[in-house]
Amino acid sequence: MTLAVDVAGVHKVFNSGRPNQVDALSDVSLQVTAGEFVSLIGPSGCGKSTLLRLIADLLEPTAGTIAVNGKSPRQARLDQDYGMAFQQAGLFEWRSVAKNIELPLELKGWDKDKRRARAKEMLELVKLPDRADAMPWQLSGGQQQRIAIARALAAHPSLLLMDEPFGALDEMTREHMQAELLRICAATQTTVVFVTHSIPEAVYLSDRVVVMSAGPGRITSIVSVGLGGGRDEDTREAKQFYEKITEVREGLRGGHAIAGQQIKGVDDR
Amino acid sequence: MNTAARRVKALLPPVVFGVVFLAAWEAFVVWRDIKPFVLVRPSKVWSAGLDNLQRIADAMEVTGTNALIGLVAGTLLGCLVALLAAGVRWVGELVNPVAVAVNAIPIVVLIALFTRLYEADSETPRRIMSTLAAFFVVFINVSRGLRQSSPTQLELMRSFAASPRQQFVKVRLPNAMSFLFTGIRVAAPLTVITAVVAEYFGGNRNGLGASISGFLSISKKDVGLAYVAGASVLGLLFFGFAAVLEYVAVPWQRRRDSR
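Residue numbers (our numbering), protein chains in the order written: chain A, 1 to 269; chain B, 1 to 259.
Structure follows, in structure tokens:
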């Protein structure tokens, strides 16, 4: 099977040699196969967002190697092999919804008709087909996040990198968006690396949950979830769902220096 | 509550305050029998305003023209210099400290200086002062807009493999637009104040500032204050125009401000 992401022995040090030096990541290795959904979870400062940014070539590793679709992260970025979504939707306020989705295509030099057609296709994918001409500030938070996902997938990348994309949404919208994301990923065969601090979110969405801990940031365990393709609202009440939540929670506790100590920044809901 | 009712509710407190304030002023002057050369009654100012309506309107036109020329010139200049400072490194390194230093000089000093550089009947020094006032506000705002894009938007642009030029054209420039219109909103009434104050330092006697200083010094305080009211109306007109411009040009800014 081809590897979508191959992280091998990566270290990341910020402010190296200075008094405020931070060992963000220490000896991190992770392989994500094509089509897989992998979540990164851990307390604040465990380096989960840093790891995502290293894969995206928004940061460079201090040591170790990273390959995305068999290429360097830089080449993958230049080829738009991946799309990204953040906690803030980050829509461009001065552009209509359709123009926001078209932006990555515009930068790549697509002609106008092709861009329009693709934006229409993406709006249908995220189930907002009639909001093409709306402005971002006219949309709700959940709708904005859908547009952000549509934009991230506009160039049909094989990989989607998401940094707490639903973190700013209310619980109801959040669960709905999780189900939508699964549907979209199944429809587009996209590989996802997903940063979150919500245990249920990670368990519900993922094939595998990567549990990380801080000081220095490292991977402490990897939980295989395997809830299968037919996840729906009933899954959230299934016995296996709770077992996996417990397993991830124990992973988080075990990775921490003092057992039973409260873990900051991880959401038990 | 519907929008109209909400608007009335928002307008009510300032209107009530204004009416009560003027009534109290009027009553105080009558009650304490204060002489007109110390403090005039608002009703006297009102009738003086009605008597001199045409002259006040003419003065508003003179001062308003100076302020408007200053606003337009200062805005264009502010945008141009901000773009140059953001685009060309040595311009930025030169302009930013100089702008801060010049901005720290009291504006009255500059007015006195410029007034002496031009002939007595020239409006140019007043226009230069208004231009400078608008320039600083617009320059500082646009510069900030060019520098401060949202980190998420910049990371996104990098993930899209955007070139520095694309990033400038597609993100920094439009982002600076909303700062530009905020700058114009702040600069607009400022140019009026500057144009009025500039007239205190000699030159033609046909504007608002010259009339205010003239009438207040010869004990025609009612007429002088009527001109002051004219200056307030002019300032509000400028502000209202700029606020509408901002509302229409950068609609996403409405929400950001109301939060």
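Ideal Cβ positions, reconstructed from N, Cα and C, are used throughout, including at glycine. Given the structure is predicted, the values throughout are model-derived calculations rather than measurements.
ask   = According to a CB-to-CB cut-off of less than 7 Å, which residues of the segment 53-78 of chain A neighbour chain B?
value = ALA56, LEU58, ARG77, LEU78
query = Which residues bound the alpha helix (DSSP H) around ILE107(B)?
reply = 107-117
query = Applying the criterion that 16 or more other CB atoms from any shown protein chain within 10 Å of the CB defines a buried residue, is THR191(B) buried or exposed?
reply = buried
query = Between the Cα of VAL68(A) and the Cα atoms of LEU59(A), ILE55(A), PRO61(A), which residue gives the shortest distance?
reply = ILE55(A)
query = Since PHE86(A) meets chain B, which of its residues come closer than 8 Å, beta carbon to beta carbon?
reply = THR152, GLU155, LEU156
request  = Answer yes if the segment 130-143 of chain B comes into contact with the segment 66-85 of chain B, meaning at least three C-beta pairs across the two stretches below 8 Å, and no otherwise.
outcome  = yes
Residue-level contact to chain B via CB, PRO104(A), 7 Å cutoff = yes
key: Cross-chain neighbours of PHE181(B) in chain A, by beta carbon under 7 Å   = By Cβ distance, chain A contributes nothing, its closest Cβ being about 12 Å from PHE181(B), past 7 Å.
ask   = Skipping 5 residues on each side, what residues in its chain have a beta carbon closer than 6 Å to that of GLN167(B)?
value = MET157
inquiry  = Between the alpha carbons of LYS48(A) and PHE194(A), how many angstroms are there, rounded?
reply    = 9 Å
request  = Mark VAL244(B) as exposed unless 16 or more other C-beta atoms lie within 10 angstroms of its C-beta, in which case mark it buried.
outcome  = exposed
query = Using the C-alpha atoms, what's the distance from ALA132(A) back to SER143(B)?
reply = 32 Å
task = Mind reading off the beta-carbon distance from LEU160(A) to LEU153(A)? Whole number of angstroms is fine, and I expect it under 8 Å.
result = 7 Å
Straight-line Cα distance separating TRP137(A) from VAL248(B) = 14 Å
key: Closer than 7 Å to chain A by CB, GLN148(B)   = no
message = Quick check on this structure: which residue in ALA59(B), LEU94(B), LEU83(B), PHE238(B) has the alpha carbon closest to the alpha carbon of GLU199(B)?
response = ALA59(B)
inquiry  = Against chain B, which members of the segment 114-145 of chain A pass a CB distance test of less than 8 Å?
reply    = MET135, PRO136, TRP137
inquiry  = Please return the same chain residues whose Cβ sits closer than 6 Å to the Cβ of ASP57(A), not counting the five positions on each side in sequence.
reply    = PRO73, ARG74, ARG77
request  = Could you tell me the boundaries of the alpha helix (DSSP H) in which ASP81(A) lies?
outcome  = Taken as a continuous stretch (DSSP letters only), ASP81(A) belongs to no alpha helix (DSSP H), as it is neither H nor E.
Pick from LEU237(B), LEU225(B), PHE239(B), VAL250(B) that is closest to GLY49(B), judged by C-alpha positions = LEU225(B)
query = Which value, in whole angstroms, describes the spacing of the CA atoms of ALA187(B) and ILE111(B)?
reply = 18 Å
Closer than 7 Å to chain B by CB, LEU107(A) = yes
query = So what does DSSP say about PRO14(B), is it helix, strand or coil?
reply = helix
message = Quick check: is the beta carbon of GLU93(A) nearer than 7 Å to any beta carbon in chain B?
response = yes
key: Where the beta strand (DSSP E) through ARG218(A) begins and ends   = 218-224
inquiry  = Once DSSP output is grouped into helix, strand and coil, what is the label at ILE199(A)?
reply    = helix
ask   = Taking a cut of 9 Å between CB atoms, which residues from the segment 83-112 of chain B lie near chain A?
value = none
request  = Just the C-alpha distance for SER213(B) and GLU119(B), rounded to the nearest angstrom, thanks.
outcome  = 20 Å
request  = Rank GLU106(A), LEU3(A), ASN20(A), SER26(A) by C-alpha distance to the C-alpha of HIS11(A) and give the top, closest one.
outcome  = SER26(A)
task = State yes or no: is the beta carbon of GLY226(A) nearer than 7 Å to at least one beta carbon in chain B?
result = no
query = According to DSSP, what are the bridge partners of ILE41(A)?
reply = THR196(A), VAL211(A)
task = For VAL248(A), collect the residues of the same chain with a Cβ closer than 7 Å to its Cβ; drop the 5 residues on either side in sequence, then sort them by chain order.
result = ILE41, ILE199, ALA202, VAL203, VAL209, VAL211, VAL223
query = Which whole runs of the beta strand (DSSP E) in the segment 103-181 of chain B are 3 residues long or more, in chain order?
reply = none
request  = Please report the Cβ distance between GLY183(B) and LEU208(B), rounded to the nearest whole angstrom; I am assuming they are in contact, meaning their Cβ atoms lie under 8 Å.
outcome  = Contact flag wrong, Cβ pair sits at about 24 Å.
key: Distance CB(GLN240(A))-CB(LEU205(A)) smaller than 7 Å   = no
Close-in-space but distant-in-sequence residues of the same chain around VAL98(B) (CB under 6 Å, 5 per side omitted) = none
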